[in-house]
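Undergrad: I have a structure here, written as structure tokens, and I will follow up with some questions on it.
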Amino acid sequence: MPKVTSKDQKKAGVKDSKKRSKKDPNKPKRALSAYMFFVQDYRERIKAENPEATFGDVGKLLGIKWKEMSPPEKKPYEDKAQADKARADRENAVYKANLKAAKKNAKAAEPSSDEDDDDESD
DNA sequence: CGAATGATTGTTTAG
DNA sequence: CTAAACAATCATTCG
1 MPKVTSKDQK KAGVKDSKKR SKKDPNKPKR ALSAYMFFVQ DYRERIKAEN PEATFGDVGK
61 LLGIKWKEMS PPEKKPYEDK AQADKARADR ENAVYKANLK AAKKNAKAAE PSSDEDDDDE
121 SD
């Protein structure tokens with residue numbers, strides 16, 4: 001049942017104060033969501049339609065509009081999301097390379113000062 | 001192998 | 001600057 005949506009996260013008290021936990025050395029994070037791109041384009045529009053709207057209002061309005069949007073309307077945004085995903089994928093490759101290199105370097109298992117220079121031979 | 005959960009992404013405005 | 005609401009996502013990880 002724990003379908004923990006972002007709402008549950010905040011409900012659980014999981015707010016982002018300063019990065020949430022950090023276990024991996026340098027994860028490429030992830031790609032953005034269609035919503036991110038959607039907002040980037042709508043942020044101005046929402047403000048245009050709701051010049052008096054504040055954080056809570058604009059924020060909600062944006063989400064509502066998003067839901068009101070038709071799949072084909074979000075399509076272009078999803079497309080960007082996928083584009084970002086592709087970009088993230090690249091970071092992922094580098095990330096893995098870094099880990100692999102670091103791991104290979106970490107022979108004594110002593111993470112004291114491991115300075116690895118990144119050389120993207122691309 | 002499968003489900004779940006966590007981490008992350010970007011924006012808004014106001015104090 | 002940071003905080004929370006808004007939605008997506010999707011990769012990692014545990015069983």
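Just so we're aligned: the first sequence equals residues 1 to 122 in the UniProt record's numbering.
Cβ atoms here follow ideal geometry from the backbone N, Cα and C, with glycine treated the same way.
To the nearest angstrom, how far is the alpha carbon of Ala53 from that of Met36?
TA: Roughly 19 angstroms between the two C-alpha positions.
Undergrad: Residues in its own chain within less than 8 angstroms of Lys47 by CB, not counting five upstream and five downstream?
TA: For Lys47, where only same-chain residues beyond five positions count, the Cβ hits under 8 angstroms are Ala53 and Val58.
Undergrad: Count the other CB atoms, across all protein chains shown, that sit within 10 Å of the CB of Ser80; report buried if there are 16 or more and exposed otherwise.
TA: Correcting the residue identity first, residue 80 is Lys in this sequence and not Ser. Buried, by the Cβ-count rule.
Undergrad: Kindly provide the ranges of any alpha helix (DSSP H) runs that are 4 or more residues long and lie completely inside the UniProt domain "HMG box" (28 to 96), ordered along the chain.
TA: Correct list: 34 to 49 and 55 to 68.
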